[in-house]
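The sequence shown lines up with residues 139 to 642 when you count with the working numbering.
Heads up, the beta-carbon is just placed ideally off N, CA and C, and yes, glycines get one too.
Inspection log for the structure reproduced underneath, given as structure tokens.
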Amino acid sequence: MTGLALPPCDGRTRDEALSILLAEPLAPIVDLVAWTVEPGCYELASAFGRVRFQRLGGARSTLSDGFIVQDARGVNPVANQDPAHLGSLAAERATPHPLRDDNAYPFAFDHLAQIFDHPSAPDLVVLHTGAHYWGDQGGHLGEHGSLGVLQSRAPFIASGAGVRRSGMVDKSCRLVDVFPTVLSLLGFDPAVRSDESTELDGEVVHHVVEEPGGARHVIGILMDGTNPNVLYDLVARGDAPHLERLMESGTTHRHGAIASLPTVTLANHTAILTGRHPGHHGVLHNAWIDRSTGSQVVTNSPTTWAASMQWLSKGVETIHDAVHRARPGAVSISINEPCDVGADFSVFELVRRGEAVDRAPLPEDVPDATQRFVRPSKDYQWSSRIDHTAVEQFRGIWSGTYRGRSWERPTFSWVNFTLTDSAFHEGGPYSEIAAASVRDTDARIGRIIEAVDSTGALEETAFVVVADHGMQLADETVTGDWDASLRAAGIDVRDEGYGFLYLP
Ligand SMILES: [Zn+2]
């Protein structure tokens with residue numbers, strides 16, 4: 139299926155597919171379906187109602203007030219867009235699988251519209267319900283990918299130099315806001331871009347920044363797939379003392395930072411590190427169809443991570459590019475992160491050059507690893523070993539000498555921890571394995587803070603801790619596959635990354 143361009147489907151095929159996807163039998167697994175009616179005009183529907191909305195102003199205005207509702211029928215599927223919905227662990231656990239009226243869909247209009255700005259956008263975006271369990275399709279107890287608040291909400295903690303010490307505040311932001319906020323902390327103007335650079339989607343989170351330029355160094359830490367209600371609860375119980383210390387000297391959003399759609403890993407790692415939504419930075423999903431060739435693109439897999447940034451759109455700066463432009467000669471490093479364009483150090487760059495990477499220790503020798511889960515869980519074991527190498531890389535570079543080269547103290551450092559994602563998937567967000575992954579990762583964060591402290595730079599360093607999406611408990615009794623229903627009706631659908639539907 140390669141070599142032939144794949145144009146958008148015609149209206150008749152789309153209507154046929156919609157009549158199946160939006161019928162009540164699929165309502166337990168199909169939450170929402172979205173498509174573009176014409177450029178700048180979109181429709182979003184559930185089995186119980188639909189809303190048509192139009193983008194105002196510029197071609198890519200992205201804030202919620204940049205849209206108007208043109209028409210609505212039945213129950214508005216995204217009536218509640220409150221990012222604070224289910225904003226405590228108690229509220230979340232009382233409603234672990236909120237369905238439609240009980241759910242919230244933060245930034246629904248802009249987060250859907252941006253997908254259709256990508257030249258290879260699908261014909262239909264299907265968003266699964268919070269309860270949907272993928273079962274034999276490689277599913278997990280913990281899931282994400284949708285627009286619902288528990289899948290899209292990530293933690294947000296900013297701390298240290300230049301950051302306001304407000305403690306826990308009842309606020310939220312978006313993951314695309316991290317990039318301009320980091321630049322502001324470093325004293326760089328996020329509005330100033332290189333000539334060919336595209337518009338940012340994110341904005342500085344001003345209530346977090348006490349003093350623009352107050353930080354000489356910023357360290358960004360990603361705890362992949364961490365549910366913020368669960369994380370903050372573990373901190374409150376004393377299970378994550380290093381994060382607690384960061385929270386005491388900074389600002390934490392109780393309602394986190396909302397991921398862009400699709401709320402999956404690489405699309406949002408890249409959103410954080412470019413300040414742009416997936417439809418604008420180019421890394422659209424874990425997998426999609428390149429419409430110019432009809433070929434499948436896979437980004438988020440161990441065999442494709444190193445080369446995944448070939449899909450970054452032209453003119454998109456990463457945070458590393460922006461740091462170099464604002465402070466020529468500055469060092470900016472990227473640890474265990476596929477979105478590494480412009481970084482002075484990246485493991486994936488070593489992989490691309492065919493150089494040896496540092497060996498991970500044997501499973502039984504990994505420090506800060508809960509052996510009770512390392513032994514039985516292959517994913518826990520692999521992620522623990524990889525995350526330990528992240529700490530070693532960080533400590534090496536910050537010590538001034540690493541891999542036979544001397545290093546200036548980095549202006550920006552990015553560290554990607556994967557253990558939390560694998561554990562939250564495996565056991566679900568409320569499991570003992572998920573809690574263990576937070577404790578282990580907290581210990582690794584402690585080693586990072588210690589490495590900074592040992593250079594004497596802690597007072598001039600800011601930390602930003604986020605995840606790339608949330609994590610919701612699936613309901614093992616709610617299974618099924620909309621592809622099967624479409625194929626049974628004779629529609630030869632290509633469903634990429636789960637939910638990006640390309641119709642014939
Ligand atoms: Zn992830």
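Is residue i near ligand 2, with its Cβ less than 6 Å from a heavy atom?
| i | result |
| --- | --- |
| Asp-517 | With respect to ligand 2, the structure offers nothing, as its ligand set consists of ligand 1. |
Taking 6 Å as the limit between beta carbons, can you name the residues of its chain near residue i, skipping five residues before and five after?
| i | result |
| --- | --- |
| Ala-183 | Leu-160 and Val-171 |
| Lys-309 | His-391 |
| Pro-400 | Gly-283 and His-423 |
| Ser-575 | Leu-557, Thr-558 and Ala-561 |
| Ala-115 | Nothing can be reported for residue 115: it is not among the residues displayed for the chain, which extend from 139 to 642. |
| Phe-191 | Tyr-180, Phe-205, Val-207 and Phe-247 |
| Tyr-243 | Val-216, Gln-219 and Leu-285 |
| Ala-197 | The predicted model places Ala-197 with a pLDDT of 49, which falls under 50 and marks its position as unreliable, so this point remains unresolved. |
| Gly-351 | Gly-325 |
| Met-361 | Phe-555, Thr-558, Thr-579 and Ala-605 |
| Gln-531 | Ile-473 |
Leaving aside the five residues before and after residue i along the sequence, list all residues of the same chain whose C-beta is less than 7 Å from its C-beta, in chain order.
| i | result |
| --- | --- |
| Cys-311 | Phe-294, Val-343, His-391 and Ala-395 |
| Phe-486 | Trp-443, Ala-444, Pro-476 and Asp-478 |
| Asp-428 | Ser-258 and Val-435 |
| Ile-535 | Ile-471, Phe-483, Trp-545 and Pro-548 |
| Ala-405 | Ser-398, Pro-416, Val-421, Leu-422 and His-423 |
| Arg-632 | Ile-427 and Tyr-640 |
| Gly-212 | Phe-186, Gly-187 and Arg-188 |
| Trp-620 | Leu-159, Leu-164, Ile-167, Val-168 and Val-264 |
| Ser-521 | Thr-556, Leu-557 and Ser-560 |
| Gln-275 | Asp-619 |
What residue range does the alpha helix (DSSP H) around residue i cover?
| i | result |
| --- | --- |
| Ser-157 | 149-159 |
| Arg-562 | Looking at the sequence shown, residue 562 is not Arg but Phe. Where Phe-562 is concerned, the enclosing alpha helix (DSSP H) stretches over 557-565. |
| Gly-417 | 416-419 |
| Phe-205 | Segment 205-212 is the beta strand (DSSP E) holding Phe-205; no alpha helix (DSSP H) there. |
| Val-512 | 509-512 |
| Ile-535 | 516-537 |
| Ser-575 | 570-592 |
| Phe-247 | 246-251 |
For the beta strand (DSSP E) holding residue i, just list the boundary residues, first then last.
| i | result |
| --- | --- |
| His-266 | 262-266 |
| Arg-632 | 632-634 |
| Leu-182 | 179-184 |
| Glu-176 | 168-176 |
| Ala-600 | 599-604 |
| Thr-389 | 388-391 |
| Asp-621 | Careful: Asp-621 lies outside any beta strand (DSSP E), inside the alpha helix (DSSP H) at 620-626. |
| Arg-231 | Looking at the DSSP string, Arg-231 is not in any beta strand (DSSP E); the run it does join, the alpha helix (DSSP H), is 227-232. |
| Ala-405 | Not the beta strand (DSSP E): Ala-405 falls in the alpha helix (DSSP H), residues 403-412. |
| Leu-639 | 638-640 |
| Trp-545 | No beta strand (DSSP E) holds Trp-545; DSSP gives it neither H nor E. |
| Phe-191 | 187-193 |
Residues in the same chain with beta-carbon distance under 8 Å from residue i, minus the five sequence neighbours each way, listed in chain order, please.
| i | result |
| --- | --- |
| Gly-413 | Val-314, Asp-315, Val-316, Phe-317, Pro-318, Pro-328, Leu-338, Asp-339, Gly-340 and Ile-457 |
| Thr-200 | Per-residue confidence for Thr-200 stands at a pLDDT of 47, beneath the threshold of 50, marking its modelled position as unreliable; no derived number is given. |
| Val-454 | Ser-335, Thr-336, Thr-412, Arg-414, His-418, His-419 and Gly-420 |
| Arg-152 | Trp-173, Asp-261, Leu-262 and Leu-641 |
| His-380 | Asp-580, Ala-581, Ile-583, Gly-584 and Ile-587 |
| Met-385 | Ile-295, Ser-297, Gly-305, Met-306 and Val-373 |
| Arg-490 | Ala-444 and Ala-445 |
| Gln-509 | Glu-502 |
Next on the checklist: So within the segment 281-331, which uninterrupted alpha helix (DSSP H) runs reach at least 4 residues, ignoring any that extend past its ends?
Outcome noted: As far as the segment 281-331 is concerned, its whole alpha helix (DSSP H) runs of at least 4 residues are 287-290 and 316-323.
Next on the checklist: Using a Cβ distance threshold of 8 Å, determine whether the segment 422-432 contacts the segment 458-467, with at least three qualifying pairs required.
Outcome noted: no
Item to check | contact_flag[the segment 273-289, the segment 435-453] where n(CB pairs < 8 Å) is 3 or more | outcome: no
Item to check | Secondary structure, alpha helix (DSSP H): runs of 4+ residues fully inside the segment 355-386 | outcome: 366-374 and 379-386
Checklist entry - Is the segment 505-513 touching the segment 575-586 in the sense that three or more CB pairs, one from each, lie closer than 8 Å? => result They touch, by the three-pair rule.
Checklist entry - Among all residues, which have a Cβ less than 6 Å from at least one non-hydrogen atom of ligand 1, and in what chain order do they fall? => result Counting only beta-carbon distances shorter than 6 Å to the non-hydrogen atoms of ligand 1, the qualifying residues in chain order are Asp-362, Gly-363, Thr-403, Asp-559, Asp-606 and His-607.
Item to check | Inter-stretch contact at 8 Å, needing at least 3 Cβ pairs: the segment 346-357 / the segment 431-441 | outcome: no
Checklist entry - If you scan the segment 459-503 from start to end, which runs of the beta strand (DSSP E) of 3 or more residues do you find wholly inside it? => result 470-473
Item to check | Inter-stretch contact at 8 Å, needing at least 3 Cβ pairs: the segment 299-308 / the segment 326-334 | outcome: With contact defined as three or more Cβ pairs closer than 8 Å, the segment 299-308 and the segment 326-334 are not in contact.
Checklist entry - Three or more C-beta pairs closer than 8 Å, one from the segment 266-280 and one from the segment 603-616: is that the case here? => result yes
Checklist entry - Would you call the segment 489-504 and the segment 520-537 touching, i.e. three or more CB-CB distances under 8 Å? => result In short, these stretches touch, since the Cβ pair count reaches three.
Next on the checklist: For the structure I just gave you, are there three or more beta carbon pairs, one from the segment 312-319 and one from the segment 600-611, closer than 8 Å?
Outcome noted: yes
Next on the checklist: Any contact between the segment 546-557 and the segment 353-362? By contact I mean 3 or more CB pairs, one from each, below 8 Å.
Outcome noted: yes
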